[in-house]
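**Student:** Could you have a look at this structure, given as structure tokens, before my questions?
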Amino acid sequence: MLPLPFYQVERPSSTRWIGRARIPRSLFPAHVDRFNAYAIHGENDQRTYESLYPAPSDSVKPDFHRLEFFRSIDFESLLNIGEHDGDSWQNN
6 MLPLPFYQVE RPSSTRWIGR ARIPRSLFPA HVDRFNAYAI HGENDQRTYE
56 SLYPAPSDSV KPDFHRLEFF RSIDFESLLN IGEHDGDSWQ NN
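The sequence shown maps to residues 6 to 97 in our numbering.
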């Protein structure tokens with residue numbers, strides 16, 4: 006329930022929505038250098054899971070916490086210069 010300076014939901018159809026948010030650097034820990042993205046579509050038996058960098062799984066539901074399958078990202082290039090890492094994180 007952190008405040009976001011920009012959050013928008015678009016509904017291009019009655020069965021689809023798109024959410025966009027700008028997340029301030031202060032909400033991220035220092036030295037973030039790995040990334041993955043996930044999507045969940047549908048409900049019940051029709052539910053499908055997608056991952057930018059999928060992890061192999063023997064179960065029906067994916068495991069989103071498999072950090073070894075995240076890939077490197079130049080996080081600094083995505084952030085606003087001059088912003089600072091969050092004070093609430095242990096930035097060692």
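Think of the CB as a built atom: it goes at the ideal place given N, C-alpha and C, for glycine as much as any other residue.
Got a sec? Which residues, its chain only, sit under 6 Å from N41 by beta carbon, not counting five neighbours each side?
**Tutor:** L57, Y58 and F75
**Student:** Could you spell out the range, first to last residue, of the beta strand (DSSP E) harbouring P8?
**Tutor:** No beta strand (DSSP E) contains P8, which DSSP labels as neither H nor E.
**Student:** Should E48 be counted as a contact of the ligand GDP given a C-beta to heavy atom distance under 7 Å?
**Tutor:** No copy of the ligand GDP appears in this structure; indeed no ligand is present at all.
**Student:** Give me the Cβ distance between L7 and L32, rounded to the nearest whole Å; I'm assuming they're in contact under 8 Å.
**Tutor:** A Cβ-Cβ separation of about 6 Å places L7 in contact with L32 under the 8 Å criterion.
**Student:** Taking only the alpha-carbon atoms, compute the straight-line gap between E15 and Y54 and give it to the nearest angstrom.
**Tutor:** 21 Å
**Student:** Hey, which unbroken runs of the beta strand (DSSP E) at 3 residues or more fall wholly within the stretch 8-46?
**Tutor:** 11-18, 21-27 and 43-46
**Student:** Quick check: the Cα distance between R21 and G47, rounded to an integer number of angstroms?
**Tutor:** Cα atoms of R21 and G47: separation of roughly 10 Å, rounded to the nearest angstrom.
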